[in-house]
Structures are given as structure tokens and as C-alpha cells.
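>
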Amino acid sequence: MDEPERLGSNPPPKPWERAGTSPGPAPFKPTSGGSTSDIVEASGTAKPGEVVSAAESNVTSNINSTISRPVPPRPWQQQGYGNSYGGYGSSMYSSYGGFGGPYSSGGLFGNNMYSSYGGGYGGIYGSSGMNGGSMYNSGMGGPYGGYGMGMGAYNQGPNAFGPPAPPPGFWMSFLRVMHGVVNFCGRVAFLFSQNTQAFHMFISALLQLCDRTGMLYGELARFVLRLLGIKTKPKKGETSSFEGFTRQDKMGEITNVTEYQAIAKQKLPKMIYDYYASGAEDEWTLKENREAFSRILFRPRILIDVSKIDMSTTVLGFKISMPIMIAPSAMQKMAHPEGEYATARAASAAGTIMTLSSWATSSVEEVASTGPGIRFFQLYVYKDRNVVEQLVRRAERAGFKAIALTVDTPRLGRREADIKNRFVLPPYLTLKNFEGLDLGKMDKSNDSGLASYVAGQIDRTLSWKDVKWLQSITSLPILVKGVITAEDARLAVHSGAAGIIVSNHGARQLDYVPATISALEEVVTAAQGRIPVYLDGGVRRGTDVFKALALGAAGVFIGRPVVFSLAAAGEAGVRNVLRMLREEFELTMALSGCTSLADITRSHIFTEGDRFGRPFPRL
């Protein structure tokens, strides 16, 4: 039952309603410290030693006895700093709180039910009492409120100062929130200690969520400004996230795949970016892989109906939407937390082939679990042939359709950027296909951790007879990746390879070898059409795809554009790269007068060799 109901219909008078009271406390100085009871009259007329009973307050309830307790010494009776007056108020309906010393707080419970002087005066540097406020009338003093820091729930008083009391339950709610924060941090720390890879994925996803949330607010703000007729101009180089693309994507400012490289350079740690971007030694071949395309010119045909263009083709009997496929790129989770998962989904959505690296940070089983798709598996031959055989059989069971055997890496090329950076696989990642075999970690070394890993694990005795051995342990077709000469092309045909991938390993092995587009025609001629020839290296434009097909390639593979777009925008970035290349290739076909891949011929291009080896074709 509430207190007013318990006391009946005649509640006790307020202190200022009593006869002879004054509007505020009249200070007094007792002659001695003595003890008294209930010296709490709001008028200040109480004398030391005087007893005030509850009956004198016109209370109609059964509270008829006096409440007696010793009063602690007054502030002026305290000795020195740092002491507090403390104590409780004197009666149920009117009370002083405790007074604090110059450097101490006021009393603990200086409040009563209907009227109070707050929790007592705080000292010069102290605070007011702990509970400096009553339910209906509060504060330090004065009949209509007070000067204490504590304020009542219903009447704060006109003379109150200091911040208002927080709403009921505030501190409990605050403590609960802080408890939740501490608990969350503890769980995250435990996750980090138990599974660093999962922790990295969680933090990366959280950062992306924060980034996208912030950019969403930015988009909403720009929308409101447009409604108000206020034009906004983004700062130069400003980007924001929108549906997986950067702001440049959304605004149509990313117009070709090479622009993703600059974004990836900004987002990735230097060691990781250099690993993806650098080449061997002087990087002459790295530059030549691109520049060689620029020396090939077109000879387009006109007045041909190009209203319908078919870019579909077949690779080893598997139909794909376009002759643009994804090359194997190692350790893609260094670029993005979803890594090979995102690449596999993007390739499947585009209706093309993804090639998974042996040194992937996702296993063959994990990539297969992302959904349907045509996938090849790139293979390095390890010294332990049991490991190789086990890996090939896992790829077969996971539904991979072919093996791309890399043959140009008996030793790792001299990648000076990796040496300077002391490249090593980040500790939260592992080569998932070798997890559990004690082969999935790279130790730090004095140069490149990857170079040391290759030196210790890859079989340098690999030869053409091992292609035959590989055919004996699998029924999957085998593509020989790393051929750039006619001699090796003929040996590949003789060994029973299902196809050839013309590749210089992204210019990361032997420097000063020809660009892949420069070596392509030689290899195609040597193969004599007996097996298909594909090109890997330097492709950045749809025009590059057309040039490769005109020189005899059955299709092309792209590598760096995938990892750079993956770093910039995840799966959406890879999808965008495939889309842009497809659209550029379709446009090149239309402007060259070709409606299908079969229409693309050698006569549609003119190379440096044509300039020096044969006369310019007459029109």
C-alpha cells in the first residue's frame, strides 16, 4: 500500500505549513555535540536536545512514537578534511541529510518521503548526499525545492541546480549494457584465441558492414539533398560502397578492369598487394605482357549484320557463355575474407570456368560447396607423390572437370618485392588443400617464405613422363600450363595432354621471356589443331580477347583482374570484371563484323610479324 493511503485521508502537514516556521532552515550552532532525536524541523526552530514526536505532526496513522537516534557531529565540529557527516535523516516526514566536510561528500541518506534537505551539504570539493532528494519535494533546502544535487522524482524545485537526476533504472540499464559489452569482448577474444581465421573473417565482415552502413547513410543524405534541390559534388577520388561496388561503380566511373588495381593497392597491405602485382626481377615481361597487345592492330570488316552475336563456346566439351575464364590465383583470402568462395560464385553466375589453385586458402570441397559450376583444378607436383594422388582424387570427388598441370615452376622465380617484404602467408590463413598434412604453413625466412616453401616441397624432377603418370591416376583431362615454345607444344601433344595453356606464370618466373600473346601463334601452329590452345597473361580488355582468338586461341584466362576486383569489392567486383570484359568483347566482335567465334580469323588483325615478315595486306 502506498504511504499516503496508509496514513489516511489527512496526510501530515508539510514543514512550511506548520505555525511559526520560516521559509528556510535557520542555521544554529549548538553548544555541544550531545545527542538528540529528530532535530529535523524544516523551519530550523529545533533546539539541541529537543525531542519532536510524530504525534506533533498531526499524523492520523499509528505512528505515535518518537524515533530517537544519535545525531552525528555537525560539520563545524569535525576535525580536519576528508571526514563526512554521513548518517540518516531524522524522521519520516522531515529530515536533514548529513553534511560533508570541505573535501568529502554529504551524508548517505539525507532524504525523506515528503520533504527534505537533500543528502546534506557537500564540502567545498565534495558532492551532495548520496540520496539527496525526497519523493515529492527535494533538494538541499527551501520549502519549494532545494539546492542539492539530488532532486526528487516529482518536484525538482525552482531553486534546484546541477544536472537532473537520471530516469529511474538508468544506472541499472547502463550496468547491463556495459556487462554486455564486456561479455561480447570476452567472447571475441576467445574466438580469436581458438580460431584466428574465423576471427579475421568476423572482423572483416564487421568492418564491411560498418562501411556499407555508413555509405548507406551517405546515400540517404545525398537523396534528401537532391529532394531539397541542393547539388552535391563528391571530393576527388571519393568512393563509397553500394551493393558491393564502389561508388565509382555505381556512378559508372569504373569503366575498365584495370581501375580495380588502384583500388586494391589502397585497400591491401603492401606485402599482399606486392605479392599479387609484382613480377620477376626487372619485371620486363610483366610490362611486355600488356604492351604486346597494344602492338596488334585490327582489320575490321563492315556492312555485316551484327544484330545477333553469339559468344558461347565449349571447353573440353563443357559449354560456357564466353571464351573468358578465370585463371588459378593463389591465396585469395588475403585479398578478401570470402576469397575463392566469392570467385567461384561469380564465375558460376557468369556461366564460365573457374580454376582453383593448389595453393588456395579454400579447399576443393569448400569451393564445390558454393554451388554448381564448371571448375578446373590447378596442380603443383609435390615431392611426396602420395600427397599429389590424394589431392587429385579429392578434386575428382568434388566434381572438378579437369587438371591444369603447372610445368614452369621447378623453382620459384626471383620476385624481389616478396624478398623485400619477407612475404609469408598471414597467420590466420592456411593452404587449405594441405591442411592436416603438415604442408599448409609457410615459415618466415630471410627472403621469401613462399620461395622457401616451394624449395622444400615442389618436385624439381618433374618431366614429361610425369604427365603420363598423372594420366594413370586420374580420368580427368589434363591441360599443360606453362608452354611458350613450339617445341614444348609438340611434346605436349605427344604426351597426350588434352590442351595447352600458353602462360609465363604472370611474368613471375623467368624474366625476359616473350609476352604470352607474342608466343601464342607459334604454339598454335605447332599444335596443328590436334589439341586446343588457351592463353593466360596480360588480358585486360575485350579487345585483348578478340586478338587472342584471332591468333588461334580457343579461349583466354584472366588472373590479376580477378584478385584486384575481389580485393576492391568482393564477389560483386569479380562479377563486374567478367561483365565488363564480356561487353567489351561483344562490342569488338560487332565492330569487326563477327557474329560468332568462328567468324574471328587471322585476317582480322595485323601484328608486328606481319609488318616485317610479309607485306601489308592489300585492301
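Going by UniProt numbering, the first residue of the sequence shown is number 1, and it counts up by one from there. For every residue, glycine included, the Cβ atom is placed at its ideal position computed from N, Cα and C.
Return the CA-CA distance between LEU566 and GLY573, expressed in angstroms with no decimal places.
Position 566 of the sequence shown, counted from the first residue, corresponds to residue 566. Position 573 of the sequence shown, counted from the first residue, corresponds to residue 573. Distance between the alpha carbons of LEU566 and GLY573 is about 6 Å.
> Using alpha carbons as the reference points, say which of ALA417, PRO514, LEU549, LEU425 lies closest to GLY482.
For the purposes of this step, residue 482 is taken as the residue at position 482 of the sequence shown. Of ALA417, PRO514, LEU549, LEU425, the residue nearest in Cα terms is PRO514.
> Distance, Cα to Cα, ARG393 vs ARG414?
Position 393 of the sequence shown, counting from 1, holds the residue named residue 393. Position 414 of the sequence shown, counting from 1, holds the residue named residue 414. One C-alpha to the other measures close to 32 Å.
> Report the rounded CA-to-CA distance for THR258 versus ILE531, giving the unit in angstroms.
On the sequence shown, residue 258 is found 258 positions in, with the first residue counted as 1. On the sequence shown, residue 531 is found 531 positions in, with the first residue counted as 1. So the alpha carbons of these two residues sit roughly 32 Å apart.
> Taking its Cβ as the centre, do 16 or more other Cβ atoms sit within 10 Å of LEU170, making it buried, or is it exposed?
In the sequence shown, residue 170 corresponds to position 170, counting from 1. Reading the sequence as shown, one finds Phe at residue 170 and not Leu. When all chains shown are included, PHE170 counts as exposed.
> Tell me whether TYR275 is buried or exposed, calling it buried when 16 or more other Cβ atoms sit within 10 Å of its Cβ.
Position 275 of the sequence shown, counting from 1, holds the residue named residue 275. Classification for TYR275: buried.
> What separation, rounded to the nearest whole angstrom, lies between the Cα atoms of GLN248 and VAL562?
As a position in the sequence shown, residue 248 is number 248, starting the count at 1. As a position in the sequence shown, residue 562 is number 562, starting the count at 1. Residue placement at GLN248 is flagged as unreliable, the pLDDT there being 45, under the threshold of 50; the coordinate-derived value follows with that caveat. As the crow flies, the alpha-carbon of GLN248 is around 18 Å from that of VAL562.
> Helix, strand or coil for TYR260, going by three-state DSSP, please let me know.
The sequence position of residue 260 within the sequence shown is 260, counting from 1. Helix, per DSSP.
> Could you pull the start and end residues of the beta strand (DSSP E) that ARG375 belongs to?
The residue you call residue 375 lines up with position 375 of the sequence shown. Its beta strand (DSSP E) spans residues 374-379.
> Among the candidates TRP469, TRP464, ALA554, whose CA atom is the shortest distance from the CA of PRO410?
Sequence index remark: in the sequence shown, residue 410 carries index 410 (1-based). It is TRP464 whose Cα lies nearest to the Cα of PRO410.
> Within 10 angstroms of the Cβ of GLY499, are there 16 or more other Cβ atoms? Answer buried if so, exposed if not.
Numbered from 1 along the sequence shown, position 499 holds the residue referred to as residue 499. Answer is buried; the Cβ neighbour count reaches 16.
> When the distance is taken between beta carbons, is MET178 closer than 7 Å to ARG582?
The count along the sequence shown starts at 1 and reaches residue 582 at position 582. The count along the sequence shown starts at 1 and reaches residue 178 at position 178. Not in contact: ARG582 and MET178 (Cβ atoms no closer than 7 Å).
> Count the other C-beta atoms from every protein chain shown that fall within 10 angstroms of the C-beta of ASP418, then say buried if there are 16 or more, exposed otherwise.
Locating residue 418 in the sequence shown gives position 418, counting from the first residue. Buried: at least 16 other Cβ atoms inside 10 Å.
> Looking only at its own chain, which residues have a Cβ that is under 7 Å from the Cβ of ALA489, when we skip the five neighbours before and after it?
For the purposes of this step, residue 489 is identified with residue 489 of the sequence shown, where counting begins at 1. These residues qualify, in order along the chain: VAL483, ILE500, VAL523, ALA526, ALA527.
> For PHE184, count neighbouring C-beta atoms within 10 Å of its own C-beta (all shown protein chains included) and say buried if the count is 16 or more, exposed if not.
Numbered from its first residue, the sequence shown carries residue 184 at position 184. Exposed, by the Cβ-count rule.
> Would you identify the three-state DSSP class for ALA515, choosing helix, strand or coil?
Indexing the sequence shown from 1 puts residue 515 at position 515. Three-state DSSP puts ALA515 in coil, outside helix and strand.
> Just to check my reading of the structure: ASP282 and LYS383 have Cβ atoms closer than 8 Å, yes? What is that Cβ distance to the nearest angstrom?
As a working mapping, residue 282 is identified with position 282 in the sequence shown. As a working mapping, residue 383 is identified with position 383 in the sequence shown. Their Cβ separation, rounded to whole angstroms, is 31 Å, which puts ASP282 and LYS383 out of contact at 8 Å.
> According to DSSP, ILE403 sits in a beta bridge with which residue or residues?
Locating residue 403 in the sequence shown gives position 403, counting from the first residue. Note: ILE403 sits in a beta bridge opposite PHE377, ILE478.
> Expressed to the nearest angstrom, what Euclidean distance is found between the alpha-carbon atoms of SER326 and PHE174?
As a first step, residue 326 must be located in the sequence shown, where it is residue number 326. As a first step, residue 174 must be located in the sequence shown, where it is residue number 174. According to the sequence provided, residue 326 is Ile. The question's Ser does not apply to it. Using only the alpha carbons, I get a separation of about 52 Å.
> State the start and end residues of the unbroken alpha helix (DSSP H) segment that holds PHE585.
Numbered from its first residue, the sequence shown carries residue 585 at position 585. Per DSSP, PHE585 belongs to the alpha helix (DSSP H) from 560-592.
> Out of curiosity, what's the CA-to-CA distance linking ARG301 and LYS308?
Position 301 of the sequence shown, counting from 1, holds the residue named residue 301. Position 308 of the sequence shown, counting from 1, holds the residue named residue 308. Computed Cα separation, rounded: 16 Å.
> THR474: which of GLY399, GLU416, SER518 sits nearest, CA to CA?
By 1-based counting over the sequence shown, the position of residue 474 is 474. Comparing Cα positions, the closest option is GLY399.
> With distance defined between alpha-carbon atoms, name the residue in THR314, LEU510, PHE434, LEU437 nearest to VAL533.
As a working note, residue 533 is residue 533 in the sequence shown. Ranking THR314, LEU510, PHE434, LEU437 by Cα distance to VAL533 puts THR314 first.
> Between the alpha carbons of LYS547 and GLU416, how many angstroms are there, rounded?
In the sequence shown, the residue the question calls residue 547 occupies position 547. In the sequence shown, the residue the question calls residue 416 occupies position 416. Looking at the two C-alpha atoms, the distance is approximately 32 Å.
> Are VAL306 and THR595 touching if we call contact CB-CB under 7 Å?
Taking the first residue of the sequence shown as 1, we reach residue 306 at position 306. Taking the first residue of the sequence shown as 1, we reach residue 595 at position 595. Yes. Within cutoff.
> For TYR512, which residues from the same chain have a beta carbon less than 7 Å from its beta carbon, with the 5 sequence-adjacent residues on both sides left out?
Residue numbering aside, residue 512 sits at position 512 when the sequence shown is read from its first letter. Hits under 7 Å: TRP284, THR285.
> Please list, in chain order, all residues of the same chain as VAL388 whose beta carbon is under 6 Å from its beta carbon, the five residues on each side excluded.
The count along the sequence shown starts at 1 and reaches residue 388 at position 388. Excluding residues within five positions, the ones whose Cβ falls inside 6 Å are VAL381, TYR382.
> Using the Cβ count rule (16 or more neighbours within 10 Å means buried), how would you classify GLN266?
Along the sequence shown, one-based indexing puts residue 266 at 266. It counts as exposed.
> Express the C-alpha separation of ALA568 and GLU253 in angstroms, rounding to a whole number.
Counting from 1 along the sequence shown, the entry for residue 253 is found at position 253. Counting from 1 along the sequence shown, the entry for residue 568 is found at position 568. C-alpha separation (whole angstroms): 14 Å.
> Measuring alpha carbon to alpha carbon, tell me which of LEU535, LEU476, GLY496, SER518 ends up nearest SER503.
The residue labelled residue 503 in the question sits at position 503 within the sequence shown. Taking only the C-alpha atoms, the option nearest SER503 is LEU535.
> Pick from VAL181, SER329, ASP310, GLU291: whose alpha carbon is nearest that of HIS505?
On the sequence shown, residue 505 is found 505 positions in, with the first residue counted as 1. Nearest option by C-alpha distance: SER329.
> Looking at the unbroken alpha helix (DSSP H) that takes in ILE531, where does it start and where does it end?
Position 531 of the sequence shown holds residue 531. No alpha helix (DSSP H) holds ILE531; DSSP gives it neither H nor E.
> To the nearest angstrom, how far is it from the Cα of ARG540 to the Cα of ARG397?
If you number the sequence shown from 1, residue 540 lands on position 540. If you number the sequence shown from 1, residue 397 lands on position 397. If you take the alpha carbons of ARG540 and ARG397, they lie about 34 Å apart.
> Measure the beta-carbon distance from ALA360 to GLN332 and round it to whole angstroms, keeping in mind my assumption that it falls under 8 Å.
The residue given as residue 360 occupies position 360 in the sequence shown. The residue given as residue 332 occupies position 332 in the sequence shown. Right, their Cβ atoms sit about 7 Å apart.
> Taking all protein chains shown into account, decide if LYS432 is buried (16 or more other Cβ within 10 angstroms of its Cβ) or exposed.
Working through the sequence shown from its first residue, we reach residue 432 at position 432. By the 10 Å Cβ count, LYS432 comes out buried.
> With a CB to CB cut of under 7 Å and the five nearest residues on each side skipped, what residues in its chain are close to LEU297?
Numbered from its first residue, the sequence shown carries residue 297 at position 297. Contacts found: ILE605, PHE606.
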